[in-house]
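In what follows, a structure is listed as structure tokens, so that the remarks can point back to it.
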Amino acid sequence: MPRAKAQVKSSKSKVIKKETSKAPKKAVKELSKQTGLKLSVYSATGRVLESMSLPKEIFGVEENKSLLAQAVRVYLANQRSGTAKSKSRGEVNISTRKIYRQKGTGRARHGAASAPIFVGGGVAFGPRPHDFSLKLSKNLRRKALFMALSSKLAEGEIKIVSGFEKLEPKTKNMAQAFAKIEKEGKKRNLLLVTPDSTEKYVNVVKAARNIKGVEIMPSSLLNTYQVLKAKELLFMKEAINTLKESAAK
């Protein structure tokens, strides 16, 4: 009898384990079906206006970490000016006469005071003008950008907004709009992506550029580094269309 009870208990526990293991997988599948590549479009007051489908070729790209790292490295290298320069002993403006006689002083022999060991002398092996720029093909740059956007979407760090250009161009109004839409956090790190035609959105740029922790960038200048650096991305609805056009080229 005790053996039979033990067998029944073990079989029940196996059944329970199987059911619990299947449950989360089903939930994940259902969530992926619900979210897909659709996002809600928010107004400046934080109200949901509509849902917008996103292009799969931009926001549904499989991640390649090595390509993302390469794109970031190339971007940061291209930001270096490479203009640092120090004067060598031949460039220092100092007398070239022999500082003291060769023999009889008991000290080491020396020539001009422009030697690196003297104060006011040249610098040995100092920095020289150097080109640090690196290259990455246009296709790889675009692919890395789309990978970064896809990963941000998967993490729930992208939101679409509309109607910001209708707000009164004041920093206070824009800060209130951001507070209603963005996630709660100790430190703001927000990237606002605007369409390329800036004439219509001049007031948005003027109102948001003085807010701490907010960066503004047109969709044509969007790059992998800026996307990965930001904790949250706010796309203006029209900026998605410009991204579609760039992906089609």
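Residue numbers (numbering that gives the first Met the number 0): 0 to 248.
Just so you know, even glycine gets a beta-carbon here, dropped at the ideal spot from N, CA and C.
Identify which residue in the options has its Cα closest to the Cα of residue i.
| i | options | result |
| --- | --- | --- |
| lysine 211 | Thr170, Lys236, Lys134 and Lys55 | Thr170 |
| alanine 238 | Ser65, Ser245 and Ser218 | Ser218 |
| histidine 109 | Phe131, Tyr99 and Val118 | Tyr99 |
| leucine 133 | Ala176, Gly103 and Ala76 | Ala76 |
| lysine 64 | Met146, Thr241, Lys236 and Ile215 | Met146 |
| asparagine 209 | Arg96, Pro194, Leu189 and Phe234 | Leu189 |
| serine 39 | Ser245, Met235 and Thr241 | Met235 |
For residue i, which residues from the same chain have a beta carbon less than 7 Å from its beta carbon, with the 5 sequence-adjacent residues on both sides left out?
| i | result |
| --- | --- |
| proline 128 | Gly81, Thr82 and Lys84 |
| glutamate 164 | Lys199, Tyr200, Asn202 and Val203 |
| glycine 162 | Ser42 and Ala43 |
| alanine 176 | Ala43, Phe163 and Leu166 |
If I follow the unbroken alpha helix (DSSP H) through residue i, where does it start and stop?
| i | result |
| --- | --- |
| valine 201 | 201-207 |
| phenylalanine 117 | Note, phenylalanine 117: premise wrong, no alpha helix (DSSP H); not H, not E. |
| tyrosine 224 | 223-228 |
Can you tell me where the beta strand (DSSP E) holding residue i begins and where it ends?
| i | result |
| --- | --- |
| isoleucine 215 | 213-217 |
| phenylalanine 234 | 231-235 |
| valine 192 | 189-193 |
Tell me which same chain residues have a C-beta within less than 8 Å of the C-beta of residue i, skipping the five on either side of it?
| i | result |
| --- | --- |
| glycine 125 | Lys84, Ser85, Lys86 and Ser87 |
Please indicate yes or no: does the CB of residue i lie closer than 6 Å to some heavy atom of the ligand FAD?
| i | result |
| --- | --- |
| arginine 127 | You won't find the ligand FAD in this model; it holds no ligand whatsoever. |
Which same chain residues, not among the five before or five after residue i, have their C-beta less than 6 Å away from its C-beta?
| i | result |
| --- | --- |
| asparagine 172 | Leu166 |
| asparagine 138 | none |
For the 8 Å Cβ check, are there 3 or more pairs between the stretch 155-171 and the stretch 109-125? Using a Cβ-Cβ distance cut-off of 8 Å, the stretch 155-171 and the stretch 109-125 are not in contact, since fewer than three pairs of beta carbons, one from each stretch, lie closer than that value.
Using 8 Å as the Cβ pair cut-off and three pairs as the minimum, do the stretch 218-225 and the stretch 71-81 touch? These segments touch.
Quick one: which unbroken alpha helix (DSSP H) runs of 4-plus residues sit fully inside the stretch 147-177? Chain order, please. For the stretch 147-177, not a single whole alpha helix (DSSP H) run of length 4 or above is found.
Taking contact to mean 3 or more Cβ pairs, one atom from each stretch, closer than 8 Å, check whether the stretch 52-69 and the stretch 141-150 are in contact. Inter-segment contact for the stretch 52-69 and the stretch 141-150 is present: three or more beta-carbon pairs are separated by less than 8 Å.
Can you list the beta strand (DSSP E) stretches of 3 or more residues lying completely in the stretch 28-83, in chain order? You should have 37-41 and 47-52.
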